[in-house]
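Presented below is the structure to which this report refers.
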Amino acid sequence: MRSMRDEFVAGAREIAPVLVGMAPFGLVAGVAATASGLTPLQGIALSMLAFSGIAQLIVCQLIAARSPFLVVVAAGSIVSLRFVMYSAAVSPHLAHLDRRWRALLAFLMTDQSFSMTTARFSAPGERGLRHWHTLGASVVLYFGWQATVAVGVAVGAQVPTSWSLDFAVVLTFIALLVPAIRTRADLGAAIVAAAVALVAAGLPFRLSLVAASLAGIAAGMAIERAHRPKAVK
Amino acid sequence: MTTWLTILAVAAVTFLLRGSFILFANPHRFPHAFRQALQLVPAAVLAAIVAPGLGAPAGPVDLSAHNLRLIAGLVALAAGARLRHPLAPIAAGMASLWLLQGSIG
């Protein structure tokens, strides 16, 4: 059986390649904070407390557009709704831990650590210490992320726009989107959400993201319903 | 001051969403349809985030061949689906965009 330390180190090691892909994203999130008018301290605080690239980017965009407080918080919540589903999927694995452990792992949860955690917990063998694996991956991800965000905050707008670094952000989400499509319903949800996001792009305050996500989910559920095998009488 | 309040509120909300099931809920008590909807969240939300970045990078929707980010994004999607490595879309997408920009600009 692996010790706590083995699990921690294995998790830290497995997340390393993911960190490479996230570096440009962290840089962009840091640059966006500076560009939106946040002070360096505010940019770093946002990153350390919210620890979510997409939420950070949306908050920065909306603050730059002088959106009202509630709109910024609502948009940040909407893009973070996927965490509810991750939370649901991980909760059975963490149910044996005390409240402090669960709060810590919840705070550190990201798209990346979520997919690693579910993979690790589904492997055969003794599961009692596997939360150390999640912790190892999450801690490396957390501090790696903060480091790249801090660099972004510091260099600010000095990154030449010809590098098109902001495109790396879109690509990071493509890297997460591709493995998220496992079923026909997922694919339908993605296509409908993408189409609605484009059609509704003119809506204010990023409402297009809500409309598109809800439309996509509805489409996915309709597809699931249509293909569900009939109940046996 | 409002900025700090916004930062704290967003931090609180993201933590509560992450902790929702882990800290407060009994997953078995949720209705089937709700759990089904939750499973579709990643695909729908991520696609809704990606689409404007590819199809409307400068604001208005542009699905023509002049939209270099759309082409580079489709290359990235294909690379991700084929190679199944987290770095594949990022490498393929950035390389395509730089090549396209170089050959046009």
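Protein chains in written order, with the numbering used here: chain A, 337 to 569; chain B, 7 to 111. Quick reminder that beta carbons are idealized off the backbone N, C-alpha and C, glycines included.
- At a cut-off of 9 Å, the C-beta of A442(A) has a neighbouring C-beta in chain B.
- Taking a contact as a CB-CB distance under 8 Å, the pair V395(A) and V491(A) does not count as one, their CB atoms being some 20 Å apart.
- F387(A) carries a coil assignment under DSSP once its states are collapsed to helix, strand and coil.
- Q397(A) places its beta carbon 9 Å or farther from that of S383(A).
- In the same chain as G61(B), and ignoring 5 residues on each side of it, the C-beta atoms closer than 8 Å to its own belong to V67, D68, L69, N73, L76, in chain order.
- Along the stretch 496-526 of chain A, going in chain order, the ones with a CB nearer than 7 Å to a CB of chain B are S500, F503, A504, V506, L507, T508, F509, I510, A511, L512, L513, V514, A516, I517, A521, D522, A525, A526.
- Neighbours of Q494(A) in chain B, taken as residues at a C-beta separation under 7 Å, are lacking, since the least C-beta distance is about 19 Å.
- Taking a cut-off of 8 Å for Cβ pairs, the stretch 504-514 of chain A and the stretch 81-90 of chain B touch, as three or more such pairs fall below it.
- Scanning the stretch 408-457 of chain A for uninterrupted alpha helix (DSSP H) segments of 4 residues or longer gives 418-430, 435-443, 447-457, listed from N- to C-terminal end.
- For M421(A), the nearest beta carbon of chain B is closer than 9 Å to its own beta carbon.
- In this model, W468(A) and Q42(B) are separated by some 29 Å (Cα to Cα).
- Counting along the chain, the unbroken alpha helix (DSSP H) around E560(A) starts and ends at 543-563.
- Contact with chain A is absent for S109(B), since none of that chain's Cβ atoms lies less than 9 Å from the residue's Cβ.
- Residue-level contact check: R24(B) touches chain A, since one or more beta carbons of chain A fall below 9 Å from its beta carbon.
- The beta carbon of A71(B) sits no closer than 9 Å to any beta carbon of chain A.
- In this model, L477(A) and V420(A) are separated by some 20 Å (Cα to Cα).
- If you ignore the 5 residues before and after E350(A), its C-beta comes within less than 7 Å of the C-beta of M452, A473, all in its own chain and listed in chain order.
- Using a Cβ-Cβ cut-off of 9 Å, P37(B) does not count as an interface residue toward chain A, since no Cβ of chain A sits closer than that to its own.
- DSSP places G347(A) in the uninterrupted alpha helix (DSSP H) bounded by 340-371.
- By the Cβ rule, the stretch 52-60 of chain B counts as touching the stretch 535-550 of chain A, because three or more pairs are nearer than 8 Å.
- Per DSSP, D502(A) is one residue of the alpha helix (DSSP H) stretching across 502-516.
- The three-state secondary structure of R402(A), taken from DSSP, is coil.
- Annotation: S498(A) is outside any alpha helix (DSSP H) and is labelled neither H nor E by DSSP.
- Under the 10 Å beta carbon count, M7(B) is surrounded by fewer than 16 other beta carbons and is classified as exposed.
- Under the 9 Å criterion on CB atoms, A49(B) is classed as interfacial with respect to chain A.
- In summary, P92(B) is buried, with 16 or more beta-carbon neighbours lying within 10 Å of its beta-carbon over all protein chains present.
- Put simply, the CB of A562(A) is far from chain B, with every gap to its CB atoms at 9 Å or more.
- Residue burial annotation: E343(A) is buried, with at least 16 other C-beta atoms found within 10 angstroms of its C-beta.
- Residues of the stretch 347-359 of chain A whose Cβ lies closer than 8 Å to any Cβ of chain B, in chain order: P353, V354, V356, G357.
- Excluding the 5 residues flanking it on each side, G538(A) has same chain C-beta neighbours closer than 8 Å at S544, in chain order.
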